[in-house]
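Trainee: One structure, pasted below without further comment.
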Amino acid sequence: TAPELLRNFCIIAHIDHGKSTLADRMLQLTGVVEQRAMRAQYLDRMDIERERGITIKSQAVRMPWALTDEDGVSTPYALNMIDTPGHVDFTYEVSRSLAACEGAVLLVDAAQGIEAQTLANLYLAMENELAIIPVLNKIDLPAAQPEKYAEEIAGLVGVDPETVLKVSGKTGEGVTELLDRIVEAVPAPVGDPDGPARAMIFDSVYDTYRGVVTYVRVVDGKLNPRERIAMMSTKATHDLLEIGVSSPEPVPTDGLGVGEVGYLITGVKDVRQSKVGDTVTNAAKPAPEALGGYSDPKPMVFSGLYPIDGSDYPVLRDALDKLKLNDAALVYEPETSVALGFGFRVGYLGLLHLEIVRERLEREFDLDLISTAPNVIYEVTMEDKSVVTVTNPSEFPGGKIGEVREPVVKATILAPSEFIGAIMELCQTKRGDLQGMDYLSADRVELRYFLPLAEIVFDFFDQLKSKTRGYASLDYDVIGEQAADLVKVDILLQGEQVDAFSAIVHKDKAYAYGVMMTGKLKELIPRQQFEVPIQAAVGARVIARETIRAIRKDVLAKCYGGDISRKRKLLEKQKEGKKRMKTIGRVDVPQEAFIAALSSD
Ligand code: GDP
Ligand code: MG
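For the sequence shown, the UniProt record's numbering assigns the number 21 to the initial residue and increments by one for each residue that follows.
As structure tokens, then:
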């Protein structure tokens, strides 16, 4: 298709504002999915996506749409809709999807108004200089306030409120007008048709049958079937086995030219060989320069992942290897813990990513897992100037420390203005630094903070939700790092350090962490035949202490005079119980106690 007849767009929306439903309606109206094949959220392929109602992996789909002018002349256009993941953890993927488009539909729930994710993605779209089409969705809802929110969006985007489209993805009302508007308002792609081929990878997905399917947007030149292509970041070359468009099922074509969006299949088996943001070119006639904007996904949050049943370790290792084929951002390495045995230290983009990976491991590979409290990466500079990177609290160095640095995020919080006080108080306790505040309308406010990532990954979002009765929304972006007064708190059982319970916390919070953890363990660890002190310490200094008092637990005492087989049974039962115990020094701790104390949920 000639570039003049192409329109590449995406839909940006806060979660639940109806992006998938609207996409479904567009597939139906343009006739690419027949009525009977239609099922809700056609594009959300993974089970978890469908159940949680979120879109994790972006997908592209091509739809025909004809526009008829006043003289009755009809022009056939091809619309490429690129579905973006809406969540902050996937900001990098969102930004690559946006870079593949010329326009964005800014979709806002007419009963909710703009939320933090809408805003964050809108700013990304503006940075990419996309044409923005503001749209209010769910106008069929009785609670919809289209007039009020049209003002809000119009103010933000800088258009007349009259021009804000009002649609319902559910009933289909206004969707035809929206498709027309996309053709009119989104610019046609421009590129050099005769130059060396350059295409940007905005997604790559592992498929059991076809290997890695790479989604690209061609910027210059043309990619042809059966030619040899090269990845510009790694110089690796591959044969192009198939090239085509998704409509939404794959349809092979005789190539992709300027502005076209489609998929490539090369037979590679690992998404890391086909990296999002990389530039694909022709191996025989390579482009001199890659397209800009490539960066490696960087894990920001780490946590230990252990099988509850130690014999599942090989299954967990295989499962992680398989998941990695489809998730270039997932990193892990083996780790052992005195308390939990063999497992892995896993790096994630953020908390949602962590939850998704864990859920997929449990569901798709039938594993029972414990995941330890998440932490961020710390950079510790010693007094002798050597630098240690810490992704696990137990690696925190003991010697003379010069400075500890931690990642900082820029957070955007949107909420009704009555909650300003509560939000400021929360951010204060989380070591936040207020950067600015703006009213979006008379009763809704945007607060901008710098916050340590470590304070957000724990339970910030839950607390924010509960302090604002669920009305606040949050988006954040890692912007750098800062020096902070951080210490490692160790937990000792009878003088013996338990690695999995060590945590890196701000100096002012060390005491609270120590009291909380020692208290929790006192409740969870059963009494032993001797007294067990539980201590929290920073270095050699004990900051909190609890004691589990001794019991005399001679189970055989009850059996005096009883028959011998009953005694044996009791002894066997006790041995069975011991198996699920971990011994720390002389103390027997049930596995469940560790799980309960460490669990992040
Ligand atoms: P997404 O998270 O943005 O992809 O949102 P979904 O398309 O999954 O929709 C979220 C919820 O809103 C679902 O329960 C939908 O059925 C509902 N929904 C979506 N569009 C509409 C609409 O136009 N009207 C009404 N009443 N409900 C809608
Ligand atoms: Mg969705």
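Glycine included, each C-beta is placed from N, C-alpha and C at the ideal position.
#1: Which runs of the beta strand (DSSP E) fall wholly inside the region 407 to 458 and span at least 3 residues, in chain order?
#2: Sorry if obvious, but does the Cβ on D160 come closer than 6 Å to a heavy atom of ligand 1?
#3: Does the count of Cβ pairs from the region 458 to 466 and the region 519 to 539 closer than 8 Å reach three?
#4: In the region 159 to 185, which residue ranges form an unbroken alpha helix (DSSP H) of at least 4 residues, counting only runs that do not cross its ends?
#5: My output table needs one value for Q611: the three-state DSSP class, helix, strand or coil.
#6: Look at the alpha carbon of S323 and the alpha carbon of P413, and state the distance between them as a whole number of angstroms.
#7: For the pair the region 263 to 279 and the region 220 to 228, tell me if three or more CB-CB distances fall below 8 Å.
#8: Can you give the Cα-Cα distance for A22 and D200, rounded to whole angstroms?
#9: Could you check what DSSP says for F362 in three-state terms: helix, strand or coil?
#10: What is the DSSP secondary structure of M320, counted as helix, strand or coil?
#11: For P84, collect the residues of the same chain with a Cβ closer than 8 Å to its Cβ; drop the 5 residues on either side in sequence, then sort them by chain order.
#12: Quick one: what's got a C-beta closer than 6 Å to D495's C-beta in the same chain, skipping five residues either side?
#13: DSSP puts M146 in a beta bridge; with which residues?
#14: Is any heavy atom in ligand 1 found nearer than 6 Å to the beta carbon of A170?
#15: Is D89 a contact residue of ligand 1, with contact defined as CB to any heavy atom under 6 Å?
#16: For the structure I just gave you, are there three or more beta carbon pairs, one from the region 434 to 448 and one from the region 397 to 412, closer than 8 Å?
#17: According to DSSP, simplified to helix, strand and coil, what is Y491?
#18: Give the DSSP-derived three-state secondary structure of C30 in the structure shown.
#19: Taking 6 Å as the line, does the beta carbon of D36 fall inside it for any heavy atom of ligand 1?
#20: Using only the alpha-carbon positions, how far apart do I31 and L118 sit?
#21: Using 8 Å for Cβ pairs, my map puts K295 next to I221. What's the rounded Cβ distance?
#22: Helix, strand or coil: how does DSSP classify Q79 here?
#23: Using the Cα positions of R27 and R451, report the straight-line distance between them to the nearest angstrom.
#24: Got a sec? Which residues, its chain only, sit under 6 Å from Y562 by beta carbon, not counting five neighbours each side?
#25: Starting from G297, trace the beta strand (DSSP E) both ways and give me its first and last residue.
#26: Using beta-carbon positions only, say whether D290 and L345 come within less than 7 Å of one another.
Mentor: Reading it off the structure:
#1: 407 to 410 and 421 to 436
#2: Within the sequence shown, the letter at position 140 stands for residue 160. Checking the Cβ of D160 against ligand 1 gives yes.
#3: no
#4: 166 to 177
#5: Taking the first residue of the sequence shown as position 1, residue 611 is located at position 591. In this structure, Q611 counts as helix in the three-state DSSP scheme.
#6: The sequence position of residue 323 within the sequence shown is 303, counting from 1. The sequence position of residue 413 within the sequence shown is 393, counting from 1. Going from the Cα of S323 to the Cα of P413 covers about 10 Å.
#7: no
#8: Taking the first residue of the sequence shown as 1, we reach residue 22 at position 2. Taking the first residue of the sequence shown as 1, we reach residue 200 at position 180. About 19 Å.
#9: Taking the sequence shown and counting its residues from 1, the one referred to as residue 362 is at position 342. Strand, per DSSP.
#10: Along the sequence shown, one-based indexing puts residue 320 at 300. Three-state DSSP puts M320 in coil, outside helix and strand.
#11: The count along the sequence shown starts at 1 and reaches residue 84 at position 64. Cβ within range, chain order: T50, G51, V52, P96, Y97, A98 and L99.
#12: Reading the sequence shown from its first residue, position 475 is the one you call residue 495. Cβ neighbours of D495 beyond the five flanking positions: V108, A136, Q137, A140 and T432.
#13: Here residue 146 refers to the residue found at position 126 when the sequence shown is read from its first residue. DSSP, once it has assigned bridges, lists no residue as partnering M146.
#14: Residue mapping note: residue 170 aligns to position 150 of the sequence shown, counting from 1. Not so, every heavy atom of ligand 1 lies at least 6 Å from the Cβ.
#15: Locating residue 89 in the sequence shown gives position 69, where the first residue counts as 1. Not under cutoff, so the answer is no.
#16: no
#17: By 1-based counting over the sequence shown, the position of residue 491 is 471. The three-state secondary structure of Y491, taken from DSSP, is coil.
#18: On the sequence shown, residue 30 is found 10 positions in, with the first residue counted as 1. Note: C30 maps to strand in three-state DSSP.
#19: Along the sequence shown, one-based indexing puts residue 36 at 16. Flag set: Cβ of D36 near ligand 1.
#20: For the purposes of this step, residue 31 is taken as the residue at position 11 of the sequence shown. For the purposes of this step, residue 118 is taken as the residue at position 98 of the sequence shown. In a straight line, the C-alpha of I31 is about 9 Å away from that of L118.
#21: Your numbering for residue 295 matches position 275 in the sequence shown. Your numbering for residue 221 matches position 201 in the sequence shown. K295 to I221, Cβ: 6 Å. Contact.
#22: Residue numbering aside, residue 79 sits at position 59 when the sequence shown is read from its first letter. The answer is coil: DSSP assigns Q79 none of H, G, I, E or B.
#23: Taking the first residue of the sequence shown as position 1, residue 27 is located at position 7. Taking the first residue of the sequence shown as position 1, residue 451 is located at position 431. Looking at the two C-alpha atoms, the distance is approximately 45 Å.
#24: As a position in the sequence shown, residue 562 is number 542, starting the count at 1. Here the sequence assigns Val to residue 562, which means Tyr is not the residue at that position. Answer for V562: Q555, listed in chain order.
#25: The residue labelled residue 297 in the question sits at position 277 within the sequence shown. Premise fails: G297 is in no beta strand (DSSP E) and is neither H nor E.
#26: Here residue 290 corresponds to residue number 270 of the sequence shown, with the count starting at 1. Here residue 345 corresponds to residue number 325 of the sequence shown, with the count starting at 1. Yes.
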